[in-house]
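Top to bottom, those sequences are chains A and B. Note that our numbering numbers the first sequence so that position 272 is 272, with each residue one more than the last. Every position in the second sequence, counted from 1, becomes a number in our numbering once 667 is added. No residue lacks a Cβ here, since even glycine has one placed at the ideal position from N, Cα and C.
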Amino acid sequence: MRKGFFPRLAATGLKNNRQTYLPYFLTCTGTVMMFYNMCALTYHASTIQNSNLSSVMGLGMGVTAIFAVIFLFYTNSFVIKRRKKEFGLYNILGLEKKHIGITMFFESLYVYLGSTALGIGLGILFNKLVTLLLYRILNFDPNFQFEISPRAIVYSIVLFAGIAVANLLFNLLQVQLARPVQLLQGSSAGEKEPKANWFIAVLGVLTLGAGYWIALTIESPMDALAMFFVAVVLVIIGTYLLFCAGSIVILKLMRKNKKYYYKPAHFTTVSGMIYRMKQNAAGLASICILSTAVLVMISTTVSMFVGMEDVLHTRFPQEIDISATYLPGADFDREALLSYVEDTVTEAGRQTENLEVFDSLTVSTQREGNTFVSGSDSDVSSAIYLLVFLSAQDYTALTGEQVSVEDGEIYAFGDVFESREAADWESIEIFGNPFRLAGTGGTSPEMGTYAAYLAEVCYLVVEDLDAAVPVANAAQAEYGDLIDPFTCHIAFDTDGTEEEKAALAQTLSQIRNMGFPEAQEITFSSMELSRDSFFDLYGGLFFLGIFLGALFLMATVLIIYYKQIVEGYDDKERFAIMQKVGMSRREVKGTVRTQVLIVFFIPLLAAAVHIAVAFPILTKLLALLNLQNVSLFGVCTVCTVLVFALIYAIVYSMTAKVYYRIVYRRV
Amino acid sequence: MPLLEVKNLKKIYTTRFGGAQVQALRNVSFSVERGEYVAIMGESGSGKTTLLNIIASLDRPTAGKVLLAGEDVTSIPEKQLSVFRRKKLGFVFQEFNLLDTFCNRDNIYLPLVLSGENHKKMEEKLTPIAKKLQIDDILEKFPYEISGGQKQRCAVARALITGPQLILADEPTGALDSRASDNLLDMFSQINEDGQTILMVTHSVKAASHASRVLFIRDGEVFTQLYRGERTREAFYADIASSLTLLSVGGEEHA
Chain A
1 MRKGFFPRLA ATGLKNNRQT YLPYFLTCTG TVMMFYNMCA LTYHASTIQN
51 SNLSSVMGLG MGVTAIFAVI FLFYTNSFVI KRRKKEFGLY NILGLEKKHI
101 GITMFFESLY VYLGSTALGI GLGILFNKLV TLLLYRILNF DPNFQFEISP
151 RAIVYSIVLF AGIAVANLLF NLLQVQLARP VQLLQGSSAG EKEPKANWFI
201 AVLGVLTLGA GYWIALTIES PMDALAMFFV AVVLVIIGTY LLFCAGSIVI
251 LKLMRKNKKY YYKPAHFTTV SGMIYRMKQN AAGLASICIL STAVLVMIST
301 TVSMFVGMED VLHTRFPQEI DISATYLPGA DFDREALLSY VEDTVTEAGR
351 QTENLEVFDS LTVSTQREGN TFVSGSDSDV SSAIYLLVFL SAQDYTALTG
401 EQVSVEDGEI YAFGDVFESR EAADWESIEI FGNPFRLAGT GGTSPEMGTY
451 AAYLAEVCYL VVEDLDAAVP VANAAQAEYG DLIDPFTCHI AFDTDGTEEE
501 KAALAQTLSQ IRNMGFPEAQ EITFSSMELS RDSFFDLYGG LFFLGIFLGA
551 LFLMATVLII YYKQIVEGYD DKERFAIMQK VGMSRREVKG TVRTQVLIVF
601 FIPLLAAAVH IAVAFPILTK LLALLNLQNV SLFGVCTVCT VLVFALIYAI
651 VYSMTAKVYY RIVYRRV
Chain B
668 MPLLEVKNLK KIYTTRFGGA QVQALRNVSF SVERGEYVAI MGESGSGKTT
718 LLNIIASLDR PTAGKVLLAG EDVTSIPEKQ LSVFRRKKLG FVFQEFNLLD
768 TFCNRDNIYL PLVLSGENHK KMEEKLTPIA KKLQIDDILE KFPYEISGGQ
818 KQRCAVARAL ITGPQLILAD EPTGALDSRA SDNLLDMFSQ INEDGQTILM
868 VTHSVKAASH ASRVLFIRDG EVFTQLYRGE RTREAFYADI ASSLTLLSVG
918 GEEHA
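This is the structure we're talking about:
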């Protein structure tokens, strides 16, 4: 054959299949663009300097790459299904499969070169905007260096070349394996009515139910973290199974009910839906999962970002927190530490506010009745109790209240002591050390330092902290080095502007390197100094949520579009027949609309249910990240769902037009 | 009064870009009596299908009238057309036009369901028809599970179940092998004997030889017609064949 024949044949093939190829081309371009951007941001000079941000962006890049592989493979399978007929025709007209292969190679090459070049080009243009957005979110200096990232370009070229080759191999295999007659029938094959598979449907209900059960019943944030992915996987499996088998089972039950089924409004819809679900169940389930992912990502990251000040205040109840640890029984001089801090503050011209000074011993335990024991060998799921020992003197200093405790006694604060179970406790035992209960309830110290802990915190007031030394020794014997020794805390706010606060924090942070007698380790944390790294982390996650949300949304839109086209061609014939045997155009339109609406909005509805059920577990996960503002998260979630539904509806009305155009085209 | 009267039917198609005009039907007039079995023959492009589409109210004529039991089909408003088609006419197509999404029973019920019939009544109506057409054992199967002949019999059942005044068949044997064709034509004859009026468009001399009258169409006009009368089917077959030869070589009109 003449040189240049196949490249031209390939070009014609692409041109004649615009309706299928254009969206595919745009998908490739869009994905390349998104990947380039993610990649460029990850390797941007100012990102690399920042460890929080660069790990978040690295994560984003990985997700985008995995997504690109799956999604392009998925869309490619749509395209090849539609083209099989044409290849069959070529085959029958005398083109060998080898030649078809060459044609397909050129087609893939064109699409790859075109989409990658365009994608990178648009990516570079778009990059400026994206970087600006990211740095605006992060409060970075907007005079950043705009750069074209050679590394991102190379990575994009390589990744998408790999995907193109994999897709081409898949397509070649499809053509190679099929006989010409099969190729000709390619897109209309598989018309058999699906079987109602009760087993799979029940399995779907069970897996989804299990996922929901986990999400709804989990109590502690630690368990939520451990079980979240289990729940997610169960829900994904359950969604797929239910969409595939459950829908058919329900529809068949509807068909069995003759009174219901033989009504004009239900007759065509129910039977049509059975076929639709067979062809689209997986696609619809994917739409549902992607939508859920978009909703979860955006609502969580938005609420974290919006609630960042909350988080900061939860994490840092006071602007500056200094603690020094010392061994049980050591003669630590807390006045020396305190006077150093106060002098430094005064020297800087600042004043301390809300000063809290106390010594404590903190041990982590698990509970069996009124006995608190080591939690090292118990399972993770039972609750952890953090016991904080305070002296009566420090308690009074912190709260202004007085409690009377004598030697061998303990006055306890904490939910567990208010429970019915504890009503008749006269004493408690901690690591084998018995304490008489002097009393419970009253003004709890509620120290900020422990507010961010996920365990149940119990404050135990003893006459003198030395009374806790046996507990500390026993705990040390149990846990080895893990135990927090005795700690002296100094926490306070300061006056002044943010700059002044930051300057003071900077000066005070030197305390870490100073030696105090008997002090083991001195830690220093400041809200002002941490704010930037919080911004990097939460802002980065926020950006990532929006970015990936946009990416997944794009995927959802495209899956919907392809679905509509494929269905349009399938349904066209059916509706033509219905008109011939006496259905009016209006009735046909009504049926079409009902089916399209059901198919379209079921995934959205399911996604909304998923989100609603996931809400409790997500709340707990956010608590792990120090966001405890449930109502903020609730508002963010509802807003996200509403905005998403709006976008979804717009996409629906746009793609439905394409569908109707195909279906109603005069036969 | 004849059941169907076709008066001076004319149909002109204009090509898409408004260029040449194609006259599909020049001037067609004929009538069909109740209980008649009429076949319309003619070569491809002679206008048979156009004629059938107009009678079926699927297409509108440029001029002329179609009266079904005295009612002018061409002036029924668009909105009532599908109800009219559903209640008064039964269709049998060459390519069956059964829906793969329905089992055969539901395919046959389709027009009744659209008319809002009670499903018990539907069953009552279907039982005798299914028996006559020998499809009672394949009702629960799907169209893709049965043979072409069986499909066409289901399609006939769908046409009959509404008790239409006229059955319109467009090449009903066109997609069938000879045995299935014979079988189907026998059934058509049987249905006709039960009093059903049938109008069939066909290429096949054999199919036409089952009819009681054959109309020949050429270049958009009724060229000639043949009555079977008392002739045997074989003799009628021979006459139809010779008329067709005449039709194609372009002989003069004869009675």
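- Taking B:S910 as the centre and dropping the five residues before and after it, the same chain places the C-beta of F883, T891, L893 closer than 7 Å to its C-beta, in chain order.
- The contact set of B:Y776 on chain A, defined by CB atoms closer than 7 Å, consists of Y262 in chain order.
- About 28 Å separates the beta carbons of A:L537 and A:I647, which is beyond the 8 Å limit, so they are not a contact pair.
- Our two residues, A:P221 and A:R420, have alpha carbons roughly 24 Å apart in a direct line.
- In this structure A:A468 touches A:F389 by the C-beta definition: roughly 4 Å separates them, less than 8 Å.
- Excluding the 5 residues flanking it on each side, A:G123 has same chain C-beta neighbours closer than 6 Å at M33, Y36, N37, in chain order.
- For A:S323, the closest alpha carbon among the candidates A:E309, A:S303, A:I92, A:E521 is that of A:E521.
- Counting only runs that start and end inside the segment 319-364 of chain A, the alpha helix (DSSP H) elements of at least 4 residues fall at 334-347.
- Within the same chain, Cβ atoms closer than 7 Å to the Cβ of B:K818 are found at F763, L765, P810, the five residues on either side in sequence being excluded.
- B:I813 and B:D773 have their C-alpha atoms roughly 15 Å apart.
- DSSP, reduced to helix, strand and coil, places B:T681 within a strand of the structure shown.
- Within 10 angstroms of the beta-carbon of A:L129 lie fewer than 16 other beta-carbons, which makes it exposed.
- For A:P434, the enclosing beta strand (DSSP E) stretches over residues 433-440.
- DSSP, read as helix, strand or coil, puts B:L866 in strand.
- Under the Cβ distance rule, B:D773 counts among the residues neighbouring chain A, one pair being separated by less than 9 Å.
- Judged by DSSP in its simplified three-state form, A:S299 adopts helix.
- Residue environment for A:G30: buried (at least 16 other C-beta atoms within 10 angstroms of its C-beta).
- Here the segment 206-218 of chain A makes contact with the segment 234-248 of chain A; the two share three or more CB pairs at distances below 8 Å.
- Those residues of the segment 573-599 of chain A placed with their C-beta closer than 8 Å to a C-beta in chain B are R574, I577, M578, Q579, K580, V581, G582, M583, S584, R585, R586, E587, ordered along the chain.
- DSSP places A:V658 in no beta strand (DSSP E) but in the uninterrupted alpha helix (DSSP H) bounded by 630-664.
- Using a CB distance below 9 Å, the part of the segment 236-262 of chain A facing chain B consists of R255, K258, K259, Y261, Y262, ordered along the chain.
- Neighbourhood of B:S749 in chain A, by CB distance below 8 Å: Q579, G582, M583, S584, R585, E587, in chain order.
- Membership of A:D415 in any beta strand (DSSP E) is not indicated; the residue belongs instead to the alpha helix (DSSP H) covering 415-418.
- For A:S427, no alpha helix (DSSP H) segment is defined; the enclosing uninterrupted segment is the beta strand (DSSP E) at 427-430.
- In its chain, beyond the 5 residues on either side, L138, N139, M308 have a beta carbon closer than 8 Å to the beta carbon of A:F535.
- Beta bridge pairing from DSSP links A:L460 with A:F389, A:A412.
- When the beta-carbon positions are compared, B:K715 and B:L676 stay at least 9 Å from each other.
- Around the Cβ of A:P150, a 10 Å sphere holds fewer than 16 other Cβ atoms; the residue is exposed.
- A:G94 is not bridged by DSSP to any residue.
- Nearest CB-CB separation between A:I274 and chain B: below the 9 Å threshold.
- Note that the C-beta distance between A:V175 and A:G94 is not below 9 Å.
- Here the segment 554-568 of chain A lies against the segment 16-29 of chain A, with 3 or more beta-carbon pairs under 8 Å apart.
- For B:S915, the three-state secondary structure derived from DSSP is helix.
- Taking a 10 Å sphere around the C-beta of A:E219, we find fewer than 16 other C-beta atoms and assign the residue as exposed.
- When C-alpha distances from A:I511 are compared across A:E456, A:C639, A:A161, A:T523, the shortest belongs to A:T523.
- Restricting attention to A:A45, A:L632, A:F600, the CA atom closest to the CA of A:A656 is found in A:F600.
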